[in-house]
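Below is one structure, written out as structure tokens; the observations come after it.
Number of protein chains: 2
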Amino acid sequence: MFSKTCEYAIKAVLYIATQSLNNTRVKIGDVAENTGSPEAFTAKILSTLTKHNMLHSLKGPYGGFEIEEKKMKQIKISEIVYAIDGDAIYNGCGLGLDKCNALKPCPMHDKFVKIRSELKKMLETTTIHELATKIKTGKSILIR
Amino acid sequence: MFSKTCEYAIKAVLYIATQSLNNTRVKIGDVAENTGSPEAFTAKILSTLTKHNMLHSLKGPYGGFEIEEKKMKQIKISEIVYAIDGDAIYNGCGLGLDKCNALKPCPMHDKFVKIRSELKKMLETTTIHELATKIKTGKSILIR
DNA sequence: TATATTTCGGACAAAAATATCCTAAATATA
DNA sequence: TATATTTAGGATATTTTTGTCCGAAATATA
Ligand code: SF4
Ligand code: SF4
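Just so you know, the protein sequences line up as chains E and A, in that order. Heads up: the first sequence at position 13 corresponds to 13 in the numbering used here, and the numbers run straight through without jumps. Adding 1000 to a residue's 1-based position in the second sequence gives its number in the numbering used here.
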């Protein structure tokens, strides 16, 4: 569904968010450890997300990553996916045809578009805050 | 959504099916040309599908691939996807957690499962024959 | 200012997915 | 039987994705 990179990104953001809900800033190592992701690779991803203004980072001692509660409520999962994987999942063709044209559709078009738009809608209506809260209250987890 | 290999596989099967509806057996080169897929790679994929008993192949002059109308009506797109990509799309986790456990779910679980089961159902209820017919009647296309 | 800590960013490495090439095996037909 | 045609399948190559390493830049604190 998503690239590995994107899975790591979502988990990282959610972990940082749960910690930010406790006013705790976290380091790359913490994120990697608590999401089951490779540390150096996670560093790359966090850097990307910071550039996309989804996280706030601070260098140096007592530095790390954090995210404001206001932002958690604003940012949707769809935006993380878009920042990492681009729009393939939203606009790409199920059969990989170059461009989509509903007037000359591939044979799965109708059925695909239905599923795809539901997925899109789901991602666009799910906030970081919503999921971070689920984790904080112990209803769900990020690593097994 | 699917791997490139799987996209090629679906398109190949559908092309062969439309030709079989006209009682025409097709060669690898025809399939590649009419689905926009690399020829040698397509050969690999067709071989796999033949082993999975989804296609019938014949070596030698006047040989090629074909699929009985009866089979077109039996085989669902879900089976092609399963043969090529395995069950990741049906059972894999959206966030890439090792195993899924609804009692200790990842925070996207509920929303994911909903979409995934709809996708699964869609693939399981779509036959090759249905899609091949759409192509044969000119309602849809396999290549642009 | 010196030091320790932490993110940033470029170069590099490994693994997986995608793709090609070539020879063998099968088979139709002349 | 000899030849041409076509799939089968192993070896190899290329590209993309995933992942590591290391030094530079920033910053807190002593
Ligand atoms: S036709 Fe439908 S499925 Fe095919 S590409 Fe366009 S949108 Fe995707
Ligand atoms: S918890 Fe839900 S989303 Fe996460 S892995 Fe299991 S099924 Fe997939």
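Glycine included, every Cβ here is placed at the ideal spot set by N, Cα and C.
Problem - Cβ separation of Y1008 of chain A and T1035 of chain A, assumed to be a contact under 8 Å, to the nearest whole Å - result: 7 Å
Handout entry: H52 of chain E and A83 of chain E closer than 7 Å at C-beta
Key = Contact: yes.
Handout entry: Whole-angstrom distance between T1125 of chain A and T1024 of chain A, CA atom to CA atom
Key = Going from the Cα of T1024 of chain A to the Cα of T1125 of chain A covers about 26 Å.
Exercise for the section: Would you mind sorting A88 of chain E into buried or exposed? The rule is 16 or more other CB atoms within 10 Å of its CB. Expected result: Label assigned to A88 of chain E: exposed.
Exercise for the section: Taking all protein chains shown into account, decide if E79 of chain E is buried (16 or more other Cβ within 10 angstroms of its Cβ) or exposed. Expected result: buried
Exercise for the section: Just jot down, in chain order, the residues whose CB lies closer than 6 Å to any heavy atom of ligand 2. Expected result: Answer in sequence order: A:C1093, A:G1094, A:L1095, A:L1097, A:C1100, A:P1105, A:C1106, A:M1108, A:H1109, A:F1112, A:V1113.
Practice task
Would you identify the three-state DSSP class for T18 of chain E, choosing helix, strand or coil?
Solution key: helix
Practice task
Indicate whether the contact test is met: 3 or more Cβ pairs, each with one atom in the stretch 14-31 of chain E and one in the stretch 61-81 of chain E, closer than 8 Å.
Solution key: yes
Exercise for the section: Tell me, to the nearest whole angstrom, how far the beta carbon of I1128 of chain A is from that of M1072 of chain A; I am working on the premise that it is less than 8 Å. Expected result: 4 Å
Handout entry: Residue nearest to E1130 of chain A in terms of C-alpha spacing, selected from E:I141, E:D110, E:K139, E:K120
Key = E:D110
Problem - Test item: CB-CB of A32 of chain E and T42 of chain E under 7 Å - result: yes
Handout entry: Minimum Cβ-Cβ distance from S140 of chain E to chain A less than 7 Å
Key = yes
Handout entry: C-alpha gap between V1113 of chain A and K1059 of chain A, whole angstroms
Key = V1113 of chain A and K1059 of chain A: Cα-Cα distance of roughly 44 Å.
Handout entry: Beta-bridge partners of T5 of chain E, as assigned by DSSP
Key = Partner residues in a beta bridge of T5 of chain E, as assigned by DSSP, do not exist.
Exercise for the section: May I have the straight-line CA-CA distance separating G94 of chain E from K1070 of chain A, to the nearest angstrom? Expected result: 26 Å
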